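Asks: This is the structure I have questions about; it appears just below.
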Amino acid sequence: MFYLPLVRWTSIFFGSPPVQHECIPQAILGMDVICQAKSGMGKTAVFVLSTLQQIDPVAGQVSALVLCHTRELAYQICNEFERFSTYLPDLKVAVFYGGVNIKVHKDLLKNECPSIVVGTPGRILGLARDKDLSLKNVRHFILDECDKMLESLDMRKDVQAIFKMTPHDKQVMMFSATLSKEIRPVCKKFMQDVMPHNQYYLLLVFFLNQFLWKQLLGMACGWVAIAGDGRSEVCLSDAVFYNIGYSLFVIANGGRVPMEIYVDDEAKLTLHGLVQHYIKLKEEEKNRKLNDLLDALDFNQIVIFVKSVSRAAELDKLLRECNFPSICIHSGMSQEERLKRYKGFKEGHTRILVATDLVGRGIDIERVNIVINYDMPDSADTYLHRVGRAGRFGTKGLAITFVSCSTDVDVLNNVQSRFEVDIKQLPEQIDTASYSRISCFL
């Protein structure tokens, strides 16, 4: 049990985000979980650590499957598994996505089958249907940015087809920053009877009171403390407490009981350390204003979001002609080129990234402290995911949105009402200390 102590000790010294505090004790016990928490709060670590805690690698068998909607996110998740599994030499992780010759992936599965597979639904389904990827031993089925995959009917069909190829007895975990009331029932269809957090906790207390003598239990577990008046008190850790209650409930009900966890309600989903402003201007004024902002703002790295492939390429070209260190990422380029640019930006070789919503979800680049919506996103959810690229893990950040038409105004108003946030017009002077931060390298 290596990762559980790791999580507990790091939380003592550095503090654990609420999503990890709420989810990890349940996830490492094999519970099914639906989790919504704001961007940049450590959701990836929940399923990475809980999977590594439970997995028992068997040569030639895939034990865990992680699905996500973009190749860049799949690549990033694979890197996180590799980073945390440094001291697990027998564990192999591999990533599979479209744009790569499928023969390369088939050869990899044949010659060096990984224990953990990360990939996009289309490629995973293709490999499974061709019998190159066996899913009959999968014990952990994970969807990251689950709403994005399940809202798209085509992608949902692929996910459902893959799901049916896995065993019935497995852990299912789903994560996103945005889970609408409409998509939550769809998520639950992949799980066994989902139970709210408070109801689950009450059942744990019930079973402890009904079936266990707390003093003896505490002594057996080694967590007994002596109170000031000489009375012994049970001081069970959260993990032990959950484990006992969970085991009892499984015995009583003959099966696993999943949990829904919503760390923040919708009104709190915008990032606490993120300063948000808008600028009202005409479409033809955007380029000049963007140049002025890039000259005036103090940024480590910045992401500029646009609405189309053509606009991404055009804006990137314009910025480079103005001697700004810019690159762009969009779906119109080859997979190899996209990953090359993504890695270069993540490693800090370039400070400005122009992108479509391809990188609007899940992508974690720690040095980004400013996001500019050159084009207004099409929905409040997309806005939340975009601005979540800055101000990650509660750090400072700045989001600026260009508003140039009535449709833009409608989206901005929807963002403010839905998330209960007041987005003000950008002032002439903005305090650098309110959004600038010092990059930390460990």
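Residue numbers (this note's numbering): 26 to 467. Note that CB positions come from ideal geometry on N, CA and C, so glycine has one too. Since the structure is predicted, the reported quantities are computational estimates derived from the model, not experimental observations.
(1) Give me, in chain order, the residues of the same chain whose beta-carbon lies closer than 8 Å to that of Gly-253; leave out the 5 immediate sequence neighbours on both sides.
(2) Measure the C-alpha to C-alpha separation of Asp-403 and Asp-172 and round it to an integer number of angstroms.
(3) When you compare only the Cα positions, how much space is there between Leu-451 and Thr-381?
(4) Buried or exposed for Gly-369, going by 16 or more other Cβ atoms inside 10 Å?
(5) Between which two residues does the beta strand (DSSP E) harbouring Leu-90 extend?
(6) For the alpha helix (DSSP H) containing Leu-133, list its first residue and its last residue.
(7) Between Val-143 and Ile-187, is the Cβ-Cβ spacing less than 8 Å?
(8) Going by DSSP, name the residue or residues bridged to Leu-299.
(9) When you compare each of Arg-209, Phe-215, Ala-202 and Ala-119 to Met-190 by their alpha carbons, which one comes out closest?
(10) State yes or no: is the C-beta of Gln-301 within less than 8 Å of the C-beta of Val-412?
(11) Does the region 422-442 come close enough to the region 303-310 to have 3 or more Cβ pairs within less than 8 Å?
(12) For Val-436, does the count of other Cβ atoms within 10 angstroms reach 16, so buried, or fall short, so exposed?
(13) Starting from the N-terminal side, write out each stretch of the beta strand (DSSP E) that is 3 residues or longer and does not extend beyond the region 371-396.
(14) Drop a sphere of 10 angstroms on the beta-carbon of Tyr-271, count the other beta-carbons inside from all chains shown, and report buried for 16 or more, exposed for fewer.
(15) On the DSSP bridge assignment, give the partners of Phe-324 in chain order.
(16) For Ile-141, which option in His-165, Gly-151, Val-125 and Asp-157 has the closest C-alpha, if you only look at C-alpha atoms?
(17) Whose CA, out of Gly-151, Cys-93 and Ala-202, lies closest to the CA of Ser-177?
(18) For Ser-351, which of helix, strand or coil comes out of DSSP?
(19) CA-CA distance, Ile-455 and Leu-299?
(20) Going by beta carbon distance, what residues of the same chain come within less than 8 Å of Asn-162, once the five residues before and after it are set aside?
(21) Out of curiosity, what's the CA-to-CA distance linking Leu-134 and Ile-80?
(22) Relative to the C-alpha of His-355, which candidate in Asn-439, His-46 and Glu-97 has its C-alpha closest?
(23) Check Asp-341 in the structure and name its three-state DSSP category.
(24) Please state the DSSP three-state secondary structure of Cys-430.
(25) By alpha-carbon positions, which one of Leu-77, Leu-409, Val-120 and Leu-340 ends up nearest to Tyr-112?
(26) When the Cα of Lys-314 is compared with those of Thr-203, Ile-397, Ala-52 and Pro-210, which residue comes out closest?
(27) Apply the 10 Å Cβ neighbour rule to Thr-95 and answer buried if 16 or more other Cβ atoms are within range, or exposed otherwise.
(28) Got a sec, what are the start and stop residues for the beta strand (DSSP E) Met-174 sits in?
(29) For Arg-154, is the beta carbon positioned less than 7 Å from some heavy atom of the ligand NAD?
(30) Could you compute how far the alpha carbon of Ala-337 sits from the alpha carbon of Ile-352?
(31) Could you give the residue range of the alpha helix (DSSP H) that holds Gly-147?
(32) Please report the distance separating the alpha-carbon of Val-184 from that of Ser-442.
(33) Buried or exposed: which applies to Asn-438, given that a residue is buried once 16 or more other Cβ atoms fall within 10 Å of its Cβ?
(34) Does DSSP classify Ser-262 as helix, strand or coil?
(35) Return yes when the Cβ of Val-393 is within less than 8 Å of the Cβ of Ala-424, no when it is not.
(36) Give me the Cα-Cα distance between Phe-349 and Cys-48, rounded to the nearest whole angstrom.
Replies: In short, the structure shows the following:
(1) Within the sequence shown, the letter at position 228 stands for residue 253. Only weak support is given to the placement of Gly-253: the predicted model assigns it a pLDDT of 39, under 50, and the question is left unresolved by the model.
(2) The residue you call residue 403 lines up with position 378 of the sequence shown. The residue you call residue 172 lines up with position 147 of the sequence shown. Their backbone Cα atoms lie some 16 Å apart in a straight line.
(3) Within the sequence shown, numbered from 1, the residue matching residue 451 stands at position 426. Within the sequence shown, numbered from 1, the residue matching residue 381 stands at position 356. Answer to the nearest angstrom: the Cα atoms are 23 Å apart.
(4) Here residue 369 corresponds to residue number 344 of the sequence shown, with the count starting at 1. Exposed: under 16 other Cβ atoms inside 10 Å.
(5) On the sequence shown, position 65 is the one that residue 90 refers to. 89-92 is the span of the beta strand (DSSP E), which, as asked, contains Leu-90.
(6) Position 108 of the sequence shown, counted from the start, is the residue given in the question as residue 133. 127-136 is the span of the alpha helix (DSSP H), which, as asked, contains Leu-133.
(7) Reading the sequence shown from its first residue, position 118 is the one you call residue 143. Reading the sequence shown from its first residue, position 162 is the one you call residue 187. Their beta carbons are not under 8 Å apart, which means Val-143 does not touch Ile-187 by this criterion.
(8) The sequence position of residue 299 within the sequence shown is 274, counting from 1. Leu-299 pairs with Gly-422.
(9) Here residue 190 corresponds to residue number 165 of the sequence shown, with the count starting at 1. Measuring from the Cα of Met-190, the nearest candidate turns out to be Phe-215.
(10) Position 276 of the sequence shown, counting from 1, holds the residue named residue 301. Position 387 of the sequence shown, counting from 1, holds the residue named residue 412. The answer is yes: Cβ separation under 8 Å.
(11) yes
(12) Counted from its first residue, the sequence shown places residue 436 at position 411. Val-436 comes out buried.
(13) 377-380
(14) Taking the first residue of the sequence shown as 1, we reach residue 271 at position 246. Bear in mind that the predicted position of Tyr-271 carries a pLDDT of just 49, short of 50, making it too unreliable to give a figure here.
(15) Counting from 1 along the sequence shown, the entry for residue 324 is found at position 299. BP columns for Phe-324 are empty, so no partner.
(16) As a position in the sequence shown, residue 141 is number 116, starting the count at 1. Ranking His-165, Gly-151, Val-125 and Asp-157 by Cα distance to Ile-141 puts His-165 first.
(17) One-based indexing of the sequence shown puts residue 177 at position 152. Considering only alpha carbons, the answer is Cys-93.
(18) Counting from one through the sequence shown, the residue named residue 351 turns up at place 326. Looking at Ser-351 - three-state DSSP - the assignment turns out to be strand.
(19) Sequence index remark: in the sequence shown, residue 455 carries index 430 (1-based). Sequence index remark: in the sequence shown, residue 299 carries index 274 (1-based). C-alpha separation (whole angstroms): 13 Å.
(20) Stepping through the sequence shown from its first residue, residue 162 is reached at position 137. Val-83, Gln-86, Val-87, Ser-88 and Pro-192.
(21) In the sequence shown, residue 134 corresponds to position 109, counting from 1. In the sequence shown, residue 80 corresponds to position 55, counting from 1. Going from the Cα of Leu-134 to the Cα of Ile-80 covers about 19 Å.
(22) Walking along the sequence shown from the start, residue 355 turns up at place 330. The residue with the shortest Cα to Cα distance from His-355 is Glu-97.
(23) In the sequence shown, counting from the first residue as 1, residue 341 sits at position 316. Three-state result, Asp-341: helix.
(24) One-based indexing of the sequence shown puts residue 430 at position 405. In the structure shown, Cys-430 sits in coil (DSSP, three-state: anything other than H, G, I, E or B).
(25) Position 87 of the sequence shown, counting from 1, holds the residue named residue 112. Answer by Cα proximity: Leu-77.
(26) Here the question's residue 314 lines up with position 289 in the sequence shown. Per the Cα distances, Ile-397.
(27) Here residue 95 refers to the residue found at position 70 when the sequence shown is read from its first residue. Burial call: buried.
(28) Looking up residue 174 in the sequence shown gives position 149. Looking at the DSSP string, Met-174 is not in any beta strand (DSSP E); the run it does join, the alpha helix (DSSP H), is 171-176.
(29) With respect to the ligand NAD, the structure shown offers nothing to examine, as it has no ligands at all.
(30) The sequence position of residue 337 within the sequence shown is 312, counting from 1. The sequence position of residue 352 within the sequence shown is 327, counting from 1. Roughly 9 Å separates the two Cα atoms.
(31) Counting from one through the sequence shown, the residue named residue 147 turns up at place 122. Its alpha helix (DSSP H) spans residues 146-154.
(32) For this step, residue 184 is matched to residue 159 along the sequence shown. For this step, residue 442 is matched to residue 417 along the sequence shown. Cα-Cα distance, rounded: 33 Å.
(33) Looking up residue 438 in the sequence shown gives position 413. Under this definition Asn-438 is an exposed residue.
(34) Taking the sequence shown and counting its residues from 1, one reaches residue 262 at position 237. The pLDDT assigned to Ser-262 is 46, lower than 50, so where the model puts this residue is not dependable, and the model offers no usable value.
(35) Start at 1 with the first residue of the sequence shown, and residue 424 comes out as number 399. Start at 1 with the first residue of the sequence shown, and residue 393 comes out as number 368. Not in contact: Ala-424 and Val-393 (Cβ atoms no closer than 8 Å).
(36) Residue numbering aside, residue 349 sits at position 324 when the sequence shown is read from its first letter. Residue numbering aside, residue 48 sits at position 23 when the sequence shown is read from its first letter. Going by the C-alpha atoms only, they are around 42 Å apart.
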